[in-house]
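See below for the structure under consideration.
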Amino acid sequence: MTGEATARGPARVNLIGEHTDYNGGLALPFPIDVGVTVRAEAISGDEVVAVATDLGEEDRFALRDVPAAEGWRAFVRGTVAELRAAGFAVRPARLEIAGNAPRGGGLSSSAALEVALALALLALSGEADAVDRVALAKLCSRVENAWVGAQTGLLDQLAALVGRPGCALRIDFATLDLRPIPLELRGHRLVVLDSGATHDLSAGEGYNERRAECERAAAELGVRWLAEADPAATARLPDPLDRRAEHVLTEDARVDETIAALEVGDLAAVGALLDASHASLRDLYDASVPEVEATRERLLEARALGARMMGGGFGGGVLALFPPTAEPPAEAVQVEPGLPARLLP
Ligand code: GLA
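Residues in the sequence shown are numbered consecutively from -12, following my numbering.
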């Protein structure tokens, strides 16, 4: 037990493997330096008081029978309620939340917030060090599903909680097997350029609709996970389910192809795989928007080896791989694997 604790939750980049997590497939994300910091201080009484410093807003709610809410408050209330439902002792606390990850930019500022909140609250009751991080990722994902209304998978929370410095994390979402893959870029740079179109994963049209389509496709094919379907069988699905399935299966294969290319230092092949991922997300998954296409064009004109939309789609950032000889646009942010979620001294 301690009177106060500060936790940092990182945002994430996903090198490749998009819309595969809720389909039992593969992805290759890593945590980055920007993220969310939560400072928790134990208080007397039976409430949680949360302050979003960047927004200048406050929330206050009873620890027992946490009521639902909208916006950033849903994340705080959901994290408290899910920790309690899982049997953790949550103490009355004042929480100060501050972040430097762009919201809606496809870097998963929401998972950064959830994991920072959870670790800070667990630290107050002396449970942060012993917690199983995969179980905590699932708990944080329930916050998105049940409290925020975004039917997202486990990609962002696992990347934030289990990433390793210098590595991308190969995640197999069917088995939850996690394998660090050294990210050796031989002088090349990965950058993210914001498209300016913000995405809301809890919006009815878009992300949740794609997930429902994948579930329908898996049910029609008689498999638990779409990623385990026989590629030959997907052609008999009606449009657009056939295209959704084709995206998931080819994207899944691209993850291990990317790992193989990294292992032999073939960065041109990595670039080509990013391009193939983008084409599939745009043409088969129908997850692009004009702003994302224009942003990707800019990156390719600046001589990126490959570029693709990243995250939930329908907006957000574009990830690109630049060779040592080319200069990314000035507003592009260079990204590299950073530390996973942690308590700060
Ligand atoms: C969002 C979700 C993740 C994942 C990606 C798409 O980031 O939060 O669970 O589905 O989209 O790969």
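Don't be surprised by glycine CBs; every beta carbon is placed ideally from N, CA and C.
Residue i and residue j: beta carbons closer than 8 Å?
i      : j        : result
His234 : Leu180   : no
Ser284 : Glu5     : Note that residue 284 corresponds to Glu in the displayed sequence, not to Ser. Cβ distance not < 8 Å, so Glu284 and Glu5 don't count as in contact.
Leu50  : Val38    : no
Leu213 : Gly11    : yes
Ala27  : Glu(-9)  : yes
Glu101 : Phe62    : yes
Ala88  : Ala146   : no
Gly65  : Ala124   : no
Val305 : Ser182   : yes
Pro227 : Asp273   : yes
Glu57  : Phe48    : no
Asp41  : Gly86    : yes
Thr282 : Ile3     : no
Val36  : Glu45    : yes
Pro332 : Arg176   : no
Ala110 : Thr(-11) : yes
Between the options, which lies nearest to residue i when the distance is taken from Cα to Cα?
i       : options                        : result
Glu200  : Leu50, Arg230, Gly12           : Arg230
Gly303  : Glu278, Ala49, Leu108          : Glu278
Gly(-4) : Leu2, Ala37, Ser97, Ser31      : Ser97
Pro225  : Glu207, Val320, Gly86          : Glu207
Val178  : Thr24, Glu45, Gly293, Leu15    : Gly293
Ser95   : Glu131, Val53, Thr245, Ala289  : Glu131
Ala137  : Ile246, Arg198, Phe17, Pro311  : Arg198
Arg157  : Gln321, Leu228, Leu249, Gly209 : Leu249
Ala313  : Asp116, Leu286, Leu306, Pro332 : Leu286
Ala99   : Val53, Arg81, Gly150, Leu111   : Gly150
Gly193  : Gly58, Leu15, Gly298, Asp52    : Gly298
Gly174  : Asn195, Gly252, Ala247         : Gly252
Pro324  : Thr(-11), Gly22, Asp8          : Gly22
Val0    : Thr(-11), Thr7, Pro16          : Pro16
Val340  : Glu69, Gly140, Val121          : The requested residue 340 does not occur in the structure, where the chain is confined to residues -12 to 332.
Pro18   : Ile246, Ala110, Arg166, Pro152 : Pro152
Ala240  : Arg166, Leu260, Leu148, Asp116 : Leu260
Arg295  : Ala266, Pro167, Thr(-11)       : Ala266
Asp262  : Val276, Ala291, Trp59          : Ala291
Asp335  : Arg176, Ser31, Leu141, Leu172  : Outside the modelled stretch of the chain, which goes from -12 to 332, sits residue 335, for which no answer is possible.
Ala122  : Arg60, Ser275, Ala73           : Ala73
Ala247  : Val322, Gln321, Ile168         : Ile168
Ala222  : Ala55, Ala204, Gly300          : Ala204
Asp8    : Val322, Val242, Glu280         : Val242
Asn195  : Gly209, Gln144, Val135         : Val135
Asp187  : Asp116, Ala317, Val322, Trp59  : Trp59
Ala115  : Gln144, Val77, Thr139          : Val77
Ala184  : Leu236, Val118, Glu280         : Glu280
Thr139  : Val210, Glu202, Ala289         : Glu202
Pro310  : Glu318, Ala289, Ala317         : Ala289
Since residue i sits in a beta bridge, which residues does DSSP pair it with?
i       : result
Phe48   : Val35
Gly(-4) : Val23
Met296  : Val305
Asn195  : Bridge partners of Asn195: none, in fact.
Pro169  : Cys154
Pro18   : Arg(-1)
Val320  : Val179
Ala29   : Ala80
Glu(-9) : Glu28
Leu330  : Ala(-6)
Gly86   : Val23
Asp159  : Leu13, Asp164
If residue i sits next to residue j, beta carbons under 8 Å apart, how far is it from one beta carbon to the other, in whole angstroms?
i      : j       : result
Leu326 : Val257  : 24 Å between Cβ atoms; not a contact.
Pro79  : Ala29   : 7 Å
Leu330 : Thr(-7) : 7 Å
Leu104 : Leu126  : That pair is no contact at about 11 Å.
Ala232 : Ala219  : Wrong, their Cβ atoms sit about 11 Å apart, outside the cutoff.
Leu172 : Cys154  : About 12 Å; that fails the 8 Å criterion.
Leu148 : Arg120  : 4 Å
Val320 : Phe301  : That belief does not hold up - the Cβ atoms of Val320 and Phe301 are roughly 21 Å apart, past 8 Å.
Leu108 : Ala328  : With a Cβ gap of about 13 Å, Leu108 and Ala328 do not count as contacting.
Verify the CB distance criterion: does residue i have a CB-CB separation below 8 Å to chain C?
i      : result
Ala137 : The structure shown contains no chain C; it holds only a single protein chain.
Collect the residues with a C-beta less than 5 Å away from any heavy atom of the ligand GLA and give them in sequence order along the chain. Glu5, His6, Asp8, Thr139, Gly140, Leu142, Asp143, Gly298, Gly299
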